[in-house]
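Below is one structure, written out as structure tokens; comments come after it.
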Amino acid sequence: MSNIDDQIAEISRQIQSLSESTIQHGQSFISSSPKDQGLRPMVVEDKNQFINPKQELTKNQSIVHTVCSGSNDVKIKPSKYDGNTPWMDYLAHFEMCTLVNMWSEHQKGLYLAVSLIGQAQAVLGDLPKEKRQIFSDLVNALEECFAPSSQTELYRVQFKECRQKASETLPGLGQSVRRLSNLAYPTAPLVLRDTLAKEQFIDALVDSEMRLRIKQSRPKGLNQALQLAVELEAYNTAESKTLKSMGHLRQTTSDERTEAPDSPDTLYLWDK
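Here you go:
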């Protein structure tokens, strides 16, 4: 009987030991990661993430359209070019538009092609079909037609012979001189072009006294020379108005003196 009781007690101790071991293992299992447990993480399906095939197709089409067109709208539309204005001026304007709109090289070629009219459009038509959309090829073709390197000597002659016209303002003269200096010396450093433009601007002035005063001031560049010229012109205009007003005053005083013999005192002396 006691032997049976001893066996039952031993079995109870084993059960108690096994129970404690199981509880301890379960706690460590809960605190471990799925990787440590040797299990795959469970994927919980979210019904809200279900995508309709038609919606997915529309989304893909939108992505393709965005990649091809870059943007759904054009922020700044470049103006048309017909070949009558300087090509370098238009190219600078077009490049600013490409920066604002963030166009790719392919988009730049397309937009430049559709911006050409008149003589410039004829240049587009003369290009091979495969080059009409390539931006660099378009620029080279337009530059050869409207800004060839052979015209540099012509621009230099125009630059040296530039003189202020009768109705030309000082800012207008400065702009013309600056433009011709850029066309006549396209590869020269900016500082050199500005110095040449300053000297030519001073020589182009009609007023010799203004030329002398500006040279004596020794301006550093075209902008400073132009500013001095505008100030001197304003002073001369104000001085001319002052002299004209003083001349009118002298004339009035002279007229009053001429009428003086007719005064009562003068008549009294004549009567005697």
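If you count the sequence shown from 1, position 147 lands on 142 in this note's numbering, and the numbers rise without skipping.
C-beta atoms are modelled at their ideal positions from N, C-alpha and C, and glycine is treated no differently.
Every value quoted in this text rests on a predicted model; they were computed, and no experiment measured them.
Segment limits, alpha helix (DSSP H) that includes residue i
i, result
"alanine 136", "130 to 141"
"leucine 94", "82 to 96"
"aspartate 198", "185 to 199"
"leucine 152", "It is worth fixing the name first, because residue 152 is valine in this sequence and not leucine. Segment 147 to 155, the alpha helix (DSSP H) holding valine 152."
"arginine 127", "Element bounds for arginine 127: n/a, residue is neither H nor E."
"glutamate 204", "203 to 212"
"glycine 113", "113 to 121"
Euclidean distance between Cα positions of residue i and residue j
i, j, result
"proline 181", "phenylalanine 141", "15 Å"
"alanine 220", "lysine 239", "28 Å"
"serine 131", "glycine 104", "8 Å"
"leucine 94", "valine 109", "18 Å"
"proline 166", "arginine 188", "18 Å"
"leucine 52", "glutamine 102", "Its pLDDT being 44, under 50, leucine 52 is placed unreliably in this model, and the value from its coordinates should be taken loosely. Their backbone Cα atoms lie some 25 Å apart in a straight line."
"glutamate 234", "serine 171", "28 Å"
"alanine 199", "glutamine 159", "5 Å"
"aspartate 202", "glutamine 114", "41 Å"
"valine 152", "serine 145", "13 Å"
"arginine 127", "asparagine 135", "11 Å"
"methionine 91", "glutamine 222", "28 Å"
"glutamate 163", "glycine 169", "10 Å"
"glutamate 156", "proline 143", "21 Å"
"alanine 161", "methionine 205", "16 Å"
"threonine 80", "glycine 120", "20 Å"
"phenylalanine 154", "glutamate 125", "39 Å"
"leucine 207", "threonine 147", "30 Å"
"valine 69", "threonine 232", "48 Å"
"methionine 241", "leucine 86", "54 Å"
"tyrosine 76", "glutamate 139", "15 Å"
"asparagine 218", "glycine 78", "29 Å"
Outcome for residue i when other beta-carbon atoms lying within 10 angstroms are tallied against a minimum of 16
i, result
"alanine 179", "buried"
"tyrosine 230", "exposed"
"alanine 117", "exposed"
"alanine 224", "buried"
"glutamine 195", "buried"
"arginine 8", "exposed"
"isoleucine 197", "buried"
"leucine 111", "buried"
"glutamate 5", "exposed"
Residue-chain proximity (residue i, chain B), Cβ-Cβ < 9 Å
i, result
"glutamine 222", "Judged by its chain identifiers, the structure shown contains no chain B, having just a single protein chain."
Per-residue DSSP class, three states only, for residue i
i, result
"leucine 107", "helix"
"tyrosine 180", "coil"
"arginine 8", "helix"
The ligand ATP heavy atom lying under 8 Å from the CB of residue i
i, result
"serine 99", "As presented, the structure is devoid of all ligands, the ligand ATP included, so that no description of it is given."
Residue i and residue j closer than 9 Å at C-beta
i, j, result
"histidine 88", "serine 99", "no"
"serine 176", "leucine 191", "yes"
"isoleucine 209", "leucine 227", "yes"
"leucine 137", "tryptophan 82", "yes"
"leucine 276", "leucine 133", "One cannot answer for residue 276 here, as it falls past the ends of the chain, which runs -4 to 267."
"asparagine 96", "isoleucine 129", "no"
"arginine 173", "aspartate 84", "no"
"glycine 216", "lysine 236", "no"
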